[in-house]
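Participant: Would you mind keeping the following structure in view while I ask a few things?
Residue numbers (our numbering): 211 to 250.
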């Protein structure tokens, strides 16, 4: 293992970023389903 600190940083960022992107995507989809006139 050459860079365990990089692996830990990547795991920490991934643990926060992936769920956040999923939640934002779901919220956007839900808002579009509630009001289809918002489609760009």
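A virtual CB, placed ideally from N, CA and C, is assigned to each residue, including glycine.
#1: How many angstroms separate the CA atom of residue 235 from the CA atom of residue 214?
#2: To the nearest angstrom, how far is the alpha carbon of residue 244 from that of residue 219?
#3: Straight-line CA distance for residue 237 to residue 224?
#4: How many angstroms separate the CA atom of residue 242 from the CA atom of residue 227?
Facilitator: Quick look at the numbers:
#1: As a first step, residue 235 is located in the chain shown; it is residue number 25 there, counting from the start. As a first step, residue 214 is located in the chain shown; it is residue number 4 there, counting from the start. About 31 Å.
#2: As a position in the chain shown, residue 244 is number 34, starting the count at 1. As a position in the chain shown, residue 219 is number 9, starting the count at 1. Their backbone Cα atoms lie some 38 Å apart in a straight line.
#3: By 1-based counting over the chain shown, the position of residue 237 is 27. By 1-based counting over the chain shown, the position of residue 224 is 14. When rounded, the distance between both Cα atoms is 20 Å.
#4: Position 32 of the chain shown holds residue 242. Position 17 of the chain shown holds residue 227. In a straight line, the C-alpha of residue 242 is about 23 Å away from that of residue 227.
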